[in-house]
Amino acid sequence: MTGTRTVTVHTLDHGPVTVPEPAWCTGHPAELAEYRDDIHHTGPEHVVDYDAQALLTAQLVEFPFGLHPVAPSLHVDVTIPGATLDPPALEDLAAILTEQAAELRRLALRLAVLRAGGAW
Numbered sequence: 027m028t029g030t031r032t033v034t035v036h037t038l039d040h041g042p043v044t045v046p047e048p049a050w051c052t053g054h055p056a057e058l059a060e061y062r063d064d065i066h067h068t069g070p071e072h073v074v075d076y077d078a079q080a081l082l083t084a085q086l087v088e089f090p091f092g093l094h095p096v097a098p099s100l101h102v103d104v105t106i107p108g109a110t111l112d113p114p115a116l117e118d119l120a121a122i123l124t125e126q127a128a129e130l131r132r133l134a135l136r137l138a139v140l141r142a143g144g145a146w
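Heads up: take any position in the sequence shown, counting from 1, add 26, and you land on the working numbering.
And the structure:
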């Protein structure tokens, strides 16, 4: 990849490890990584929060040195607090989940472009 930055990450098991850093990576902590397998790239976190009824977070990640390396992928968390809902509240929750599903579809398209060699 032309123009790719590199970063040196200090590890306990392999010492300093220089890795290419994708343009979408938000950086690496200065503290020592325990193992080379722990080195990973993270992108900005996407948060979709609807009045604390349902929270979706998605973050671009890559683990180039893992036991099973992970290509750029999205780490997704969905939190829905337990609640007893009446019919209107159920409709509201369904609408929220539909909007969050649409956001995941948009992120899936962006990820497909990135994996095909495009930019995030």
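We treat Cβ as the ideally placed atom computed from N, Cα and C, and that holds for glycine.
Taking 9 Å as the cut-off, the Cβ atoms of Glu117 and Val74 do not count as close. Between Trp146 and Pro48, the CB-CB gap stays under 9 Å.
According to DSSP, His72 shares a beta bridge with Ala84. Judged by DSSP secondary structure, Asp63 falls outside any beta strand (DSSP E); it is assigned neither H nor E. Under the criterion of beta carbons closer than 8 Å, Thr68 and Val87 qualify as touching, at roughly 5 Å.
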